[in-house]
Ligand SMILES: Cc1cc2nc3c(=O)[nH]c(=O)nc-3n(C[C@H](O)[C@H](O)[C@H](O)COP(=O)(O)OP(=O)(O)OC[C@H]3O[C@@H](n4cnc5c(N)ncnc54)[C@H](O)[C@@H]3O)c2cc1C
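Protein chains in written order, with the working numbering: chain A, 7 to 463; chain B, 37 to 223.
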């Protein structure tokens, strides 16, 4: 920290009950729910409202979730294209309108530099002064930073490397071949765009989630929503940590509602290879497990579609519903490529579509596990009065999606209100807010769910 | 699946112990660090004998119930005496054993009763590599094919899922499909 920031950081600018870090849709949804409960709070945002959609998305990006599904507490999509998919600037406008209509107390241009415990609760140091509060909501983004595997450092010089947040459009990419690493939504969409722009594309594929855009005449998201799959809860799963690590589905939002899968890409010319495993002597080596990861994805898609069919048989009474469909297995070339010399192949650019991570570098609290993930129970973090929003499968399968914020914000605002109430009641929890809170954070989330929650829309 | 069917499924795998180990080791990552070992002594010609007895795991030295020995040699076609399988065949056996054990474990976990599991493996190799005839040809396999013939109380799709999942969790499949850093030194 430099001296200027330090002196600014020590200037007390306010005391509130709750500080929300981040004015993306998650922070704003929480702000809306706290506002409805009359809880005094402020939303601190380093950039502008919806900063990620303005500055950290490539130009052509459209949501992979349809417009009718795009909703936040108190505001639903009301445009004239419910089945379309918003462009990134439309998403930013939607979120900005939400911030205005819900009167969110946002302080833009305010970067949080440190959050730490103090006797009254928390101290939040920003580049524009210090806040004190009793509770903090971390809504700084589950996808704050692209994560690039360490082997990136051993790629031969002269090969340009881009993350999805540096990539804007094909015009930025040197003529020649591109290796896209990662075959989830981001990797497939970028591979498709670069291929259409005339670049020979090689796609390195690890585990992925395959699904068709449309199924039996309806958007796949409609089926998952209607059948309750998106509402599946975090505390009803056998293997939560695996569910939290599942990659984004291979989907693209386009006017044509096109299927975006490996077959579509290879039909367009893309070369499919396994996960990047190593770099040796200028040669990039790929895993030989490509066939297995594709078989797994095909099987899982078939299972998803079978679940949908079973649900449809008992819930949809519509003679015009098209019959069940099955899709071709992923086609792989007979001759597997296990290594490529980037120079010899004319590959000038590598794009790391290898996922994203949150950034908690400013969080000075002992709540991170050995892998740097925040310890929490359904968004109730492992420190009293600390909450987190927007992480994959935080409380439900839909938690990291825009439409997933509504239920989570309502649940967590309810829990947070209970926490503040308990603090202001005289008693042991007030005398010593830090003691016994571990068990509270473990079980509190469940108690809040059982209680009748006021709706905040 | 009702409780009765669950009780009847028995592939000889103790799922509770495996899940317990997973739970325990996720809390003690140090104990999860194992070291596998083998020693090998030359006997004569291409005949050698490997012995496997000790390993390190759960933070301390461990011993197999007894020392396991594996003879390796080459067939008479190579002017050898064929006292054992060739090392590359032993490697194939390692892959087969690993995938098969994985299938049993996953089946148990998914309440699928196995009746028989048979794997047939085939690996192509162009000897021009090891004989140094053509430097473009690699020494190792140019591909491995594993065919599973499985009889179980399950649909074809469930069996395919078993096989796919066993690859996902297999150490030897990973050793085959991903590069591994190997150092060979003289003591
Ligand atoms: C490429 C991509 C495509 C996606 N597509 C979809 C989709 O189609 N449909 C869908 O529903 N979801 C989609 N998502 C998921 C999710 O909706 C977005 O990631 C969304 O931006 C998450 O919103 P958020 O409010 O949780 O976090 P963000 O939008 O990341 O907002 C966090 C905010 O916190 C601010 N911030 C961070 N650190 C600090 C700090 N220290 N101090 C002050 N402010 C800070 C940031 O500037 C930012 O404005 C996509 C995500 C990605 C990455």
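Quick reminder that beta carbons are idealized off the backbone N, C-alpha and C, glycines included. If you're wondering where the values come from, they're calculated on a predicted model, not measured in any experiment.
Endpoints, beta strand (DSSP E) assigned at residue i
i	result
residue 158 (chain B)	150 to 160
residue 91 (chain B)	83 to 93
residue 28 (chain B)	In the structure as shown, chain B begins at 37 and stops at 223. Residue 28 (chain B) is therefore absent and cannot be evaluated.
residue 21 (chain A)	18 to 21
residue 184 (chain B)	179 to 188
residue 358 (chain A)	353 to 358
residue 168 (chain A)	166 to 168
residue 336 (chain A)	Taken as a continuous stretch (DSSP letters only), residue 336 (chain A) belongs to no beta strand (DSSP E), as it is neither H nor E.
residue 210 (chain A)	207 to 211
residue 347 (chain A)	345 to 347
residue 466 (chain A)	Given that chain A is displayed from residue 7 to residue 463, the structure contains no residue 466 (chain A) and the question cannot be resolved.
Contact check, residue i vs residue j, beta carbons under 9 Å
i	j	result
residue 192 (chain A)	residue 359 (chain A)	yes
residue 32 (chain A)	residue 102 (chain A)	no
residue 157 (chain B)	residue 131 (chain B)	yes
residue 109 (chain A)	residue 53 (chain A)	no
residue 136 (chain A)	residue 22 (chain A)	no
residue 190 (chain A)	residue 214 (chain A)	yes
residue 147 (chain A)	residue 201 (chain A)	no
residue 257 (chain A)	residue 409 (chain A)	no
residue 94 (chain A)	residue 68 (chain A)	yes
residue 185 (chain B)	residue 207 (chain B)	no
residue 301 (chain A)	residue 291 (chain A)	no
residue 1 (chain A)	residue 151 (chain A)	For chain A, the structure presents residues 7 to 463; residue 1 (chain A) sits outside this window and is missing.
residue 162 (chain B)	residue 173 (chain B)	yes
residue 391 (chain A)	residue 422 (chain A)	yes
residue 30 (chain A)	residue 182 (chain A)	no
residue 255 (chain A)	residue 220 (chain A)	no
residue 355 (chain A)	residue 166 (chain A)	yes
Neighbour flag for residue i against chain B, beta carbons, 9 Å
i	result
residue 302 (chain A)	yes
residue 199 (chain A)	no
residue 96 (chain A)	no
residue 294 (chain A)	yes
residue 18 (chain A)	no
residue 404 (chain A)	no
residue 318 (chain A)	no
residue 331 (chain A)	no
residue 286 (chain A)	yes
residue 189 (chain A)	no
residue 291 (chain A)	yes
residue 158 (chain A)	no
residue 62 (chain A)	no
Proximity test, residue i beta-carbon vs ligand 3 heavy atom, cut-off 8 Å
i	result
residue 149 (chain A)	What this structure holds is ligand 1, not ligand 3.
Any chain A beta carbon closer than 9 Å to residue i
i	result
residue 111 (chain B)	no
residue 201 (chain B)	yes
residue 50 (chain B)	no
residue 123 (chain B)	no
residue 147 (chain B)	no
residue 193 (chain B)	yes
residue 220 (chain B)	no
residue 56 (chain B)	no
residue 133 (chain B)	no
residue 184 (chain B)	no
residue 92 (chain B)	no
residue 213 (chain B)	yes
residue 154 (chain B)	no
residue 37 (chain B)	Low local confidence applies: a pLDDT of 44 at residue 37 (chain B) is under 50, so the model's placement there is unreliable, with the coordinate-based value given in what follows. Judged by the 9 Å Cβ criterion, residue 37 (chain B) is not in contact with chain A.
residue 210 (chain B)	yes
residue 179 (chain B)	yes
residue 197 (chain B)	yes
Residue i: first and last residue of the uninterrupted alpha helix (DSSP H) it sits in
i	result
residue 321 (chain A)	296 to 321
residue 199 (chain A)	191 to 202
residue 33 (chain A)	31 to 42
residue 4 (chain A)	Given that chain A is displayed from residue 7 to residue 463, the structure contains no residue 4 (chain A) and the question cannot be resolved.
residue 208 (chain B)	207 to 213
residue 130 (chain B)	123 to 145
Chain C within 9 Å of residue i, Cβ atoms only
i	result
residue 46 (chain B)	Annotation note: the requested chain C is absent from the structure, which comprises protein chains A and B.
Discussion item. Ignoring anything shorter than 3 residues, give me the beta strand (DSSP E) runs that lie fully in the region 72 to 134 of chain A, in order along the chain.
Written reply: Within the region 72 to 134 of chain A, the complete beta strand (DSSP E) runs of at least 3 residues are 118 to 124, 127 to 132.
Worksheet item: Which whole runs of the alpha helix (DSSP H) in the region 248 to 296 of chain A are 4 residues long or more, in chain order?
Response: Qualifying alpha helix (DSSP H) stretches, in chain order: 268 to 273.
Fill in: alpha helix (DSSP H) runs contained entirely in the region 43 to 88 of chain B, provided each spans 4 or more residues
Runs found: 51 to 63.
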